[in-house]
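One line per chain: the protein sequences are A and B, in this order. Residues in the first sequence are numbered from 5 upward in steps of one, following this note's numbering. Residues in the second sequence are numbered from 169 upward in steps of one, following this note's numbering.
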Amino acid sequence: MNLHTLTALELRSRLDCGSVKPQDILTDLRSRYEAVEKKVMAFARPPSFEYRDTAVAGGALKGIPVVIKDNICSQGDRTECCSRILEGFVAPYDATVVDKLKKSGASIMGKANMDEFAFGSSCETSCFHPTKNPWDLDCVPGGSSGGSCACVAADEAIAALGSDTGGSIRQPASLCGVVGMKPTYGRVSRYGLVAFASSLDQIGPITKDVRDNALVLGVIAGHDDHDATSVDTSVPDYLSQMQKDIRGMRVAIPKEYFVEGMDPEVRHAMMEAKAKLESLGARFGEVSLPHTGYAVAVYYIIATAEASSNLARFDGVQYGARQMAASKDESALIGMYKETRDKGFGAEAKRRLILGTYVLSSGYYDAYYLRASRVRRLIKEDFDKVFREYDVVLTPTSPTPAFKIGEKMDDPLSMYLSDIYTISVNLAGVPAISVPCGLTRSGLPIGMQVIGRPFGETDLYRVAFHYEQSTSWHKQKPKL
Amino acid sequence: MSISRDDVTYIAHLARLGLSEEEISHFQGQLESILEYVDKLKTLDVSRVEPMTHVLDLKNVYRKDSVVPSLDPQSVLKIAPAAQGQFYKVPKVIE
Numbered sequence: 005m006n007l008h009t010l011t012a013l014e015l016r017s018r019l020d021c022g023s024v025k026p027q028d029i030l031t032d033l034r035s036r037y038e039a040v041e042k043k044v045m046a047f048a049r050p051p052s053f054e055y056r057d058t059a060v061a062g063g064a065l066k067g068i069p070v071v072i073k074d075n076i077c078s079q080g081d082r083t084e085c086c087s088r089i090l091e092g093f094v095a096p097y098d099a100t101v102v103d104k105l106k107k108s109g110a111s112i113m114g115k116a117n118m119d120e121f122a123f124g125s126s127c128e129t130s131c132f133h134p135t136k137n138p139w140d141l142d143c144v145p146g147g148s149s150g151g152s153c154a155c156v157a158a159d160e161a162i163a164a165l166g167s168d169t170g171g172s173i174r175q176p177a178s179l180c181g182v183v184g185m186k187p188t189y190g191r192v193s194r195y196g197l198v199a200f201a202s203s204l205d206q207i208g209p210i211t212k213d214v215r216d217n218a219l220v221l222g223v224i225a226g227h228d229d230h231d232a233t234s235v236d237t238s239v240p241d242y243l244s245q246m247q248k249d250i251r252g253m254r255v256a257i258p259k260e261y262f263v264e265g266m267d268p269e270v271r272h273a274m275m276e277a278k279a280k281l282e283s284l285g286a287r288f289g290e291v292s293l294p295h296t297g298y299a300v301a302v303y304y305i306i307a308t309a310e311a312s313s314n315l316a317r318f319d320g321v322q323y324g325a326r327q328m329a330a331s332k333d334e335s336a337l338i339g340m341y342k343e344t345r346d347k348g349f350g351a352e353a354k355r356r357l358i359l360g361t362y363v364l365s366s367g368y369y370d371a372y373y374l375r376a377s378r379v380r381r382l383i384k385e386d387f388d389k390v391f392r393e394y395d396v397v398l399t400p401t402s403p404t405p406a407f408k409i410g411e412k413m414d415d416p417l418s419m420y421l422s423d424i425y426t427i428s429v430n431l432a433g434v435p436a437i438s439v440p441c442g443l444t445r446s447g448l449p450i451g452m453q454v455i456g457r458p459f460g461e462t463d464l465y466r467v468a469f470h471y472e473q474s475t476s477w478h479k480q481k482p483k484l
Numbered sequence: 169m170s171i172s173r174d175d176v177t178y179i180a181h182l183a184r185l186g187l188s189e190e191e192i193s194h195f196q197g198q199l200e201s202i203l204e205y206v207d208k209l210k211t212l213d214v215s216r217v218e219p220m221t222h223v224l225d226l227k228n229v230y231r232k233d234s235v236v237p238s239l240d241p242q243s244v245l246k247i248a249p250a251a252q253g254q255f256y257k258v259p260k261v262i263e
């Protein structure tokens, strides 16, 4: 049986009629893991293939194995954010999303590899190992949720959770040819997600198709008393509401996202997707998001500023490994902080902590952090304006298909620019989904991004679902 | 925007990062090019735009003032590098 190739809903119907048992799925996934994991290296550490029944009545994911990113706490499991500074950290509690998954009957299989503390767009900054793109093992899977996307693309997992601060679900979903959703800020509780940039972070599902994505989001979304920024608004029945056709839906194409010099294969795939959506009844118009060109600059100020504050807690006192300083130039306590952080953080984490500390420091705060916060409002207002006339915005997810491992590691700025199409979405707090929409001549996946208004996930699923129904990109599998 | 070695050393101290000489040189160059890139924000007139730190229209969020179970202190202290009784143990702070 090739259960690992099936979707969660396909497995659900087999489980319901009794032809498959939950342990059969995990046993099948174990064989798949043994066959391909040494090539893909999607996991942070070996997963567990033993079934534990945790469902309360009517669990929507009963028997479905789910992989979670290494920055989401699951009680009793290592949760190390793929960083040395959290080496040996065993989470004492479940993140709200993990609690909800368990109650829905999903089995938490294990933790996926990621860029250290989600700092990266290639999965190369993990302290364990880089993950490979299942479509071309010389290429990166994207990041930072590279492990979550690669394990779904390689059929090593049925579904996964990632986190997205500037594109960390959508960009790797695009590069790996899977479906990834960054929900509206406040749609999903962040309790138990190790914080990177608290005003931008969201957890979201990564799946083989749109239906599974809607299924998983329906389970993890909703208000949580443990996260004051989770919004108390009802969760729609995405699976049934997305069936409604898209005739008359208004789709905006932002001209700033389709510029000279854009990758020709990405452009071609986008034009085909547009034609397909038009044939399904969507109405297109060109719009302007005039502050798009400032988004990466705003993001790298705000996200690093928030990160430098959030990561101050990793100091060798409460968790992880502690290092004592050899020199006695400073007090033993300050020396311990510095030595612990120097040994514990990798190069990209240090770079971002220094940048974030710099833009918040006395004398530079107004020029950098405050100015960026003002431009952030302009970026959000660009979207507000477009959504007064349009239901969704269509863009590429990533400016290029997957790049080679090592290609951008010494050039942080070019790495940061690979998130150019995804970053504005986090700054504006709106939802967006990446859906496979093509393959390059060399066989690498291309993804399209559909952006919606706040809490407009249903619109995104409608567009994505009807597009997917009329194409077969989501059925393509990498040869491993 | 030029950034000196001393700037990087000072910022590293604020961030409680003990960097090697080599790292300081490396980051100095990279920070300079990143700051040069973000300087494009200076071309916009934002004097009349309010800063936005958060996208949600939330003010204070209150919960009910009721007692609920919290994590068992021992389960939390167990994951600390050093603990004694109910406390975290750190190097001597006051001489």
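Using N, Cα and C, we set each Cβ at its ideal position, and we do this for glycine too. The model shown is predicted, which means the values in this text are computed figures rather than measured ones.
Cβ of residue i within 8 Å of any chain A Cβ
i, result
"B/V235", "no"
"B/E189", "no"
"B/E218", "yes"
"B/F255", "no"
"B/T221", "yes"
"B/P241", "no"
"B/R173", "no"
"B/K227", "no"
Nearest residue (CA-CA) to residue i, options the options
i, options, result
"A/G456", "A/G410, A/P482, A/V396", "A/V396"
"A/A277", "A/Q473, A/T9, A/D32", "A/Q473"
"A/S152", "A/I210, A/L315, A/C441, A/G320", "A/I210"
"A/K347", "A/A95, A/S17, A/R18, A/C131", "A/C131"
"A/A61", "A/D98, A/K104, A/C441, A/T296", "A/K104"
"B/I179", "A/L357, A/T399, A/D236, A/D228", "A/L357"
"A/N137", "A/G80, A/G297, A/K42, A/R49", "A/K42"
"A/S438", "A/M419, A/T401, A/T237", "A/T401"
"A/S377", "A/Y303, A/S125, A/L141", "A/Y303"
"A/V101", "A/V71, A/K481, A/V182, A/V429", "A/V71"
"A/A110", "A/R326, A/I257, A/A59", "A/A59"
"A/L90", "A/L417, A/D414, A/G350, A/Y420", "A/G350"
"A/V156", "A/G146, A/C180, A/L359", "A/C180"
Residue i at chain B interface by Cβ criterion, 8 Å
i, result
"A/Y362", "yes"
"A/D159", "no"
"A/E411", "no"
"A/K342", "yes"
"A/I305", "yes"
"A/L357", "yes"
"A/D346", "yes"
"A/V390", "no"
"A/A436", "no"
"A/T100", "no"
"A/Y189", "yes"
Identified DSSP bridge partners for residue i
i, result
"A/K73", "A/A116"
"A/R466", "In the DSSP output, where bridge partners are listed per residue, A/R466 has none listed."
"A/R326", "Partner(s): none; A/R326 has no beta bridge."
"A/S140", "Looking at the sequence provided, one finds Asp at residue 140 of chain A rather than Ser. Answer by DSSP bridge pairing, in chain order: A/N137."
"A/L197", "A/I76"
"A/A309", "Answer is none; A/A309 lacks a bridge partner."
"B/Q252", "B/F255"
"A/S244", "Beta-bridge pairing links A/S244 to no other residue."
"A/M185", "A/I437"
"A/Q206", "A/D168"
Limits of the beta strand (DSSP E) - the one that residue i falls within
i, result
"A/A164", "163-168"
"A/P440", "436-443"
"A/M256", "Checking the sequence shown, residue 256 of chain A turns out to be Ala, not Met. 254-258 is the span of the beta strand (DSSP E), which, as asked, contains A/A256."
"A/T399", "396-400"
"A/V452", "What sits at residue 452 of chain A in the sequence shown is Met, not Val. Here the beta strand (DSSP E) through A/M452 covers 449-456."
"A/F288", "287-291"
"A/M275", "Element bounds for A/M275: not the beta strand (DSSP E) but the alpha helix (DSSP H), 268-283."
Start-to-end residues for the alpha helix (DSSP H) that takes in residue i
i, result
"A/A376", "375-390"
"A/Q27", "26-44"
"A/I424", "Unbroken run through A/I424: none, as it is neither H nor E."
"A/M340", "336-348"
Neighbouring residues, chain B, relative to residue i (Cβ below 7 Å)
i, result
"A/Q322", "A248, Y256"
Within chain A, the residues that residue i reaches when beta carbons sit closer than 8 Å
i, result
"B/K208", "G297, Y298, A301"
Neighbour list for residue i in chain B, Cβ cutoff strictly below 9 Å
i, result
"A/L165", "Neighbours of A/L165 on chain B: none; closest Cβ ~22 Å, over 9 Å."
"A/A336", "V258, P259, K260, V261"
"A/T233", "H222, L224, L226, V229"
Interface residues of chain A facing residue i [CB-CB closer than 7 Å]
i, result
"B/S201", "L417"
"B/R231", "D229"
"B/Q198", "R355, P416"
Contacts of residue i in chain B (Cβ-Cβ under 8 Å)
i, result
"A/F93", "I247"
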